[in-house]
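K.L.:
Take this structure first; my questions come after.
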Amino acid sequence: MSEEIKDKNREKVENEQVEESLTEEALEDIVEEEINEVEEAQQLASEWENKFLRVSAEMQNVQRRGNEERLQLVKYRSQDLAKKILPSLDNLERALAVEGLTEDVKKGLEMVQESLKAALKEEGVEEVAAEGVPFDPNFHMAVQTVEADEEHPTDTVAQVFQKGYKLHDRILRPAMVVVAQ
Numbered sequence: 001m002s003e004e005i006k007d008k009n010r011e012k013v014e015n016e017q018v019e020e021s022l023t024e025e026a027l028e029d030i031v032e033e034e035i036n037e038v039e040e041a042q043q044l045a046s047e048w049e050n051k052f053l054r055v056s057a058e059m060q061n062v063q064r065r066g067n068e069e070r071l072q073l074v075k076y077r078s079q080d081l082a083k084k085i086l087p088s089l090d091n092l093e094r095a096l097a098v099e100g101l102t103e104d105v106k107k108g109l110e111m112v113q114e115s116l117k118a119a120l121k122e123e124g125v126e127e128v129a130a131e132g133v134p135f136d137p138n139f140h141m142a143v144q145t146v147e148a149d150e151e152h153p154t155d156t157v158a159q160v161f162q163k164g165y166k167l168h169d170r171i172l173r174p175a176m177v178v179v180a181q
């Protein structure tokens with residue numbers, strides 16, 4: 001038994017010697033390694049946080065763009081139909097200008113014309129102001145020029161060949177006009 005006690009005592013002494021050999025330098029190295037690992041982990045966490053913030057911002061932008069596109073689709077949903085109806089409205093106007101129509105026919109054409117105009121207005125389609133207003137290439141298409149006079153000063157619309165229309169703030173068809181020069 002005394003041999004066992006001696007062995008245990010030897011182990012204790014050896015352990016104490018090993019512990020003493022861990023000098024301050026070794027402790028500093030271990031601490032420095034731990035600090036480096038913590039700094040690397042912090043840098044990695046910072047990179048992931050930046051990536052998360054960028055992805056989050058991109059998702060918000062995608063959502064915002066999607067909402068804006070849906071609003072535009074709703075706002076201009078009747079654009080194609082309105083463009084197809086405008087020639088019929090022009091034809092009704094020409095038919096009403098023909099001489100020799102009976103009152104009943106004329107009244108019927110006027111009713112159809114008014115109902116078409118009301119339906120278009122309900123969808124946001126408006127006539128572009130033309131005759132007597134200053135020429136604006138955003139709303140008017142000059143097809144001819146005439147001499148300016150007292151009634152029509154320079155750069156004003158003297159006559160309208162075909163009415164122009166817009167849907168909210170978007171031009172469906174510019175007015176074809178004669179401009180005074």
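Take the sequence shown: its letter number 120 is residue 120 in the numbering used here, and every next letter is one higher.
Quick reminder that beta carbons are idealized off the backbone N, C-alpha and C, glycines included.
#1: Can you grab the Cα-Cα spacing for the pair residue 139 / residue 45, in whole Å?
#2: Per DSSP, which one or two residues make a beta bridge with residue 141?
#3: The alpha helix (DSSP H) with residue 62 in it runs from where to where?
#4: Kindly list the residues whose CB is nearer than 8 Å to the CB of residue 170, restricted to its own chain and excluding five residues on each side of it in sequence; keep chain order.
#5: Using the beta-carbon count (16 or more within 10 Å), is residue 168 buried or exposed?
#6: Considering only C-alpha positions, which residue in the set 135, 162, 81 is nearest to residue 154?
#7: For a test of the three-state rule: what should DSSP assign to residue 181, helix, strand or coil?
#8: Out of 125, 150, 149, 48, which one is the CA nearest neighbour of residue 163?
#9: In three-state terms, what does DSSP make of residue 130?
#10: When DSSP builds the beta bridges, which residues end up paired with residue 85?
#11: Beta carbon of residue 176, beta carbon of residue 141: below 9 Å?
#12: When we look at the beta-carbon of residue 130 and count the other beta-carbons within 10 Å, is it buried (16 or more) or exposed?
#13: In terms of DSSP beta bridges, what is residue 156 paired with?
P.N.:
Quick answer:
#1: Within the sequence shown, numbered from 1, the residue matching residue 139 stands at position 139. Within the sequence shown, numbered from 1, the residue matching residue 45 stands at position 45. Their backbone Cα atoms lie some 57 Å apart in a straight line.
#2: What you label residue 141 is simply residue 141 of the sequence shown in a count that begins at 1. Beta-bridge pairing links residue 141 to 176.
#3: Locating residue 62 in the sequence shown gives position 62, where the first residue counts as 1. Segment 24-75, the alpha helix (DSSP H) holding residue 62.
#4: As a working mapping, residue 170 is identified with position 170 in the sequence shown. If we look at residue 170 and ignore the five residues flanking it on each side, its Cβ neighbours are 76, 79.
#5: What you label residue 168 is simply residue 168 of the sequence shown in a count that begins at 1. Result: exposed.
#6: If you number the sequence shown from 1, residue 154 lands on position 154. Answer by Cα proximity: 135.
#7: Here the question's residue 181 lines up with position 181 in the sequence shown. It is coil, neither helix nor strand.
#8: Counting from 1 along the sequence shown, the entry for residue 163 is found at position 163. Of 125, 150, 149, 48, the residue nearest in Cα terms is 125.
#9: Sequence index remark: in the sequence shown, residue 130 carries index 130 (1-based). Reduced to three states, the DSSP call for residue 130 is coil.
#10: Counting from 1 along the sequence shown, the entry for residue 85 is found at position 85. For residue 85, which the question treats as bridged, DSSP gives no partner whatsoever.
#11: Locating residue 176 in the sequence shown gives position 176, counting from the first residue. Locating residue 141 in the sequence shown gives position 141, counting from the first residue. Cβ distance < 9 Å, so residue 176 and residue 141 count as in contact.
#12: Translated into the one-based positions of the sequence shown, residue 130 becomes position 130. Burial call: buried.
#13: In the sequence shown, residue 156 corresponds to position 156, counting from 1. Answer is 134, bridged to residue 156.
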